[in-house]
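> There's a structure below that I have some questions on.
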Amino acid sequence: MNNEFKSLQGMSDISGFEVNRWQEIETLAREVFLNNGYNELRTPILERSDLFLHSLGGSSDIVQKEMYSLKDRGGRDLVLRPEGTAGAVRYLASLGQAGLNERIYYLGPMFRCERPQAGRKRQFHQVGVENPSEPNPFVDAECIALQCELLKKWGISDFSIRINTLGSEEDKNNVRDRLLKELEKFSDILSPEQQNRINMNVLRFLDSKDDNLKAIIDKLPDINEFMSVESRQYLQSVIRILQELGISVIHDQRLVRGLDYYKHTVWEITHNSLGSQNSLSGGGRYSIQSGRKEVNGVGFAMGIERIITAKYGDDIDYYKKEKDGFWIISLGEKSILENMKLAKKIREIGIRCGMELENKSMKAQLRKADKFNPACVLIRGENEISSNTIVIKNLDDSSQNEHNFNDWLESIKEKK
RNA sequence: GUGAUUGUAGCUCAGUUGGUUAGAGCGCCUGGUUGUGGCCCAGGAGGCCGCGGGUUCAAAUCCCGUCUUUCACCCCA
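Residues 0 to 415, numbered by numbering that gives the first Met the number 0, are exactly what the first sequence covers, in order.
Below you can see the structure in the form of structure tokens.
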């Protein structure tokens, strides 16, 4: 396609049958959230840079290299939100004590300036929830259960849930120190880039996909061993509660999350039809400093593009529209205006209705009617108007009948 | 940011070792006697060959740059 008509790299138009899929996913999500007592929150897409710097952590890749940043006219540093939690937490903190009783969900576009690949866009969409709460295994488990309910509602079944704990703040520090110590043994075989990564955030080293690194990772001790008994029991409780709820999860000691704000329970849901970016969702418990307030909570985010791929794959033909409503054919200039009045009446009754506004041949109008996909075609040219009749044509078997116009109009009102 | 990969009509793609007016299928439009669709037939419209440089008598074709596509890494949903 000519560049002139192209959208930006990694950002795409969503059109046609695809839009129907999005609407279905969104509608079902809203239904589930409503039933679980979550209210929608719509935060601005543009936020101050600080918001993400403070909550996500300066070492995260999102802050380091992926934010779309700009300055407004006052010279303030702004960014297009790269994720939803920071904005939601800002809102929750603004509510003070009242924020503790809010359960919110959000749904909308996020922006990260990365190289696009399968399952990764620069403008992508997330649906997520935030549930402010002090650490509590029941709350964490409920949050995971909510996701399972959603996935089931969407008709996605082939997924697996991996879960782990990062422990308390103190545990995180212990883990960091111990891991760094362990990794010193391998310092001579690690590249400067890998060393740098380790120094930035040791934890992230654990979920590397590189085969050479995996060999090293396999030799490292289980990070849960460096944690307090309480933290380990916390995770076990979450797993047990989920089991009771009929949800099986995999305890993966190597699972970590890239954002600094996570602590205690973290999890990830993957789907095996997705390719390299196979994560449908990530979630966890966090503690975020927002202004002078600290917000504790648990939440998750799911990538809508990935959900749609997981659900439909390459099935192009899904969402063939049902035949519905009427297509009006006019014959002669004078009948067009009369039929506009008719279309208005039909739509007011609540019936889908389309018509051709140019004075085209019957043939051209019938061809166009096929594309509108109506239940039947109404033929009302100048002849019919003068005799106060209307011809109803069925597109499936080509049968057609002539009716008295007023009687017919009354009959469709009654049917509706 | 790193490494590959792609770019020709609305879509899917042909296009010989550089050689004259760049093709096909699908889709679109108009017809195939007065006002009857899908099938069939005929005709038609539609291309800065991604963009910019270079090599050459000559470039869709070769070289360089750039943008873009797809995929992987890093990382994340």
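All C-beta atoms, glycine included, are put in the ideal place defined by N, C-alpha and C.
#1: So, are the CB atoms of Q252 and D221 less than 8 Å apart?
#2: Buried or exposed: where does G424 fall if 16 or more other Cβ atoms within 10 Å of its Cβ makes it buried?
#3: Hey, how far is the Cα of E337 from the Cα of G349?
#4: Using 10 angstroms around the beta-carbon of R111, count the other beta-carbons present and answer buried if the total reaches 16, otherwise exposed.
#5: Does DSSP put V297 in a helix, a strand or coil?
#6: For E409, report the span of its beta strand (DSSP E) as first-last.
#7: Helix, strand or coil: which one does DSSP assign to M339?
#8: Is the Cβ-Cβ distance between F419 and L377 less than 8 Å?
#9: Bridge partners of N223, per DSSP?
#10: DSSP puts M109 in a beta bridge; with which residues?
#11: Terminal residues of the continuous alpha helix (DSSP H) containing L48?
#12: Alpha carbons only, please: which of I268, K262, G57 is nearest the one belonging to S278?
#13: Hey, is the segment 222 to 237 in contact with the segment 27 to 43, meaning 3+ C-beta pairs nearer than 8 Å?
#14: Contact defined as beta carbons within less than 8 Å: I believe V174 pairs with E129. What is the distance between those atoms, to the nearest angstrom?
#15: At the level of alpha carbons, what is the spacing between N400 and G127?
#16: Sort C147, G86, E46 by Cα distance to Y67 and report the nearest one.
#17: Could you please give the first and the last residue of the uninterrupted alpha helix (DSSP H) stretch that includes I384?
#18: Excluding the five sequence neighbours on either side, which residues of its own chain have a C-beta within less than 7 Å of the C-beta of H250, listed in chain order?
#19: Closer than 8 Å is the cut-off here; do at least three beta carbon pairs connect the segment 44 to 58 with the segment 75 to 85?
#20: Taking just the CA atoms, how far does D139 sit from G296?
#21: Excluding the 5 residues preceding and the 5 following N372 in the sequence, name in chain order all residues of the same chain whose CB lies nearer than 6 Å to its CB.
#22: From G294 to M339, what distance separates their C-alpha atoms?
#23: In chain order, which continuous runs of the beta strand (DSSP E) of length 3 or greater are located wholly inside the segment 247 to 332?
#24: Measure from the alpha carbon of Q96 to the alpha carbon of each residue in S6, S59, K292, then state which is nearest.
#25: Using DSSP's beta-bridge definition, name the partner residues of R161.
#26: Which one or two residues does DSSP pair with C375 in a beta bridge?
#27: Three or more beta-carbon pairs under 8 Å between the segment 344 to 363 and the segment 59 to 76, yes or no?
#28: According to DSSP, D76 sits in a beta bridge with which residue or residues?
#29: When the Cα atoms are used, what is the spatial distance from S329 to D369?
#30: Quick one: what's I103 bridged to in DSSP?
#31: Do you know offhand how far Q122's Cα is from L99's?
#32: Helix, strand or coil for N358, going by three-state DSSP, please let me know.
#33: Suppose contacts are defined by Cβ-Cβ distances below 8 Å. Is E168 in contact with L106 by that definition?
#34: Return the CA-CA distance between A117 and L145, expressed in angstroms with no decimal places.
#35: With DSSP run on the structure shown, which of helix, strand or coil describes L7?
#36: Apart from the five residues on each side of it in sequence, which residues of its chain come closer than 6 Å, Cβ to Cβ, to E113?
Here's the rundown:
#1: Yes; because the gap between Cβ atoms is below 8 Å, this pair is in contact.
#2: For the chain, the structure presents residues 0 to 415; residue 424 sits outside this window and is missing.
#3: Approximately 19 Å, taken between the alpha carbons.
#4: Under the 10 Å beta carbon count, R111 is surrounded by 16 or more other beta carbons and is classified as buried.
#5: In the three-state reduction of the DSSP assignment, V297 falls in the strand class, which pools E and B.
#6: For E409, no beta strand (DSSP E) run applies; the uninterrupted alpha helix (DSSP H) run containing it begins and ends at 404 to 414, by DSSP.
#7: Correct three-state label for M339: helix.
#8: Lying before the first or after the last residue shown, residue 419 is absent from the chain, which here runs from 0 to 415.
#9: N223 is not bridged to any residue.
#10: In DSSP, M109 forms a bridge with F123.
#11: What sits at residue 48 in the sequence shown is Ser, not Leu. Here the alpha helix (DSSP H) through S48 covers 48 to 55.
#12: For S278, the nearest C-alpha among the options comes from I268.
#13: Remark: fewer than three beta-carbon pairs, one from each stretch, lie closer than 8 Å, so the segment 222 to 237 and the segment 27 to 43 are not flagged as touching.
#14: By a beta-carbon distance limit of 8 Å, V174 does not contact E129. Their separation comes to about 25 Å.
#15: Our two residues, N400 and G127, have alpha carbons roughly 53 Å apart in a direct line.
#16: Closest option to Y67, Cα to Cα, is E46.
#17: Counted as a single uninterrupted DSSP element, the alpha helix (DSSP H) harbouring I384 occupies residues 381 to 386.
#18: Leaving aside the five residues that flank H250 on each side, the residues in its chain whose CB is nearer than 7 Å to its CB run, in chain order, I162, N163, I238.
#19: Between the segment 44 to 58 and the segment 75 to 85 there are three or more inter-stretch CB-CB distances shorter than 8 Å, so the stretches are counted as touching.
#20: Taken atom to atom, the span from the alpha-carbon of G296 to that of D139 is near 9 Å.
#21: Once the five neighbours on either side are set aside, the close Cβ partners of N372 are K320, K322.
#22: Before going further, note that residue 294 is Val rather than Gly in the sequence given. About 57 Å.
#23: List check, beta strand (DSSP E) in window: 261 to 270, 278 to 289, 292 to 302, 325 to 328.
#24: Residue K292 is the option with its Cα nearest to Q96.
#25: Under DSSP, the beta-bridge partners assigned to R161 are I249, E267.
#26: Paired residues: F325, N393.
#27: As far as the Cβ criterion goes, the segment 344 to 363 does not touch the segment 59 to 76, which means the pair count is below three.
#28: Beta-bridge pairing links D76 to K70.
#29: Near 16 Å, if we compare the C-alpha coordinates of D369 and S329.
#30: Bridge partners of I103: N38, E129.
#31: Roughly 31 Å separates the two Cα atoms.
#32: Coil, per DSSP.
#33: Their beta carbons are not under 8 Å apart, which means E168 does not touch L106 by this criterion.
#34: If you take the alpha carbons of A117 and L145, they lie about 27 Å apart.
#35: L7: coil per DSSP, three-state reduction.
#36: Cβ within range, chain order: E65.
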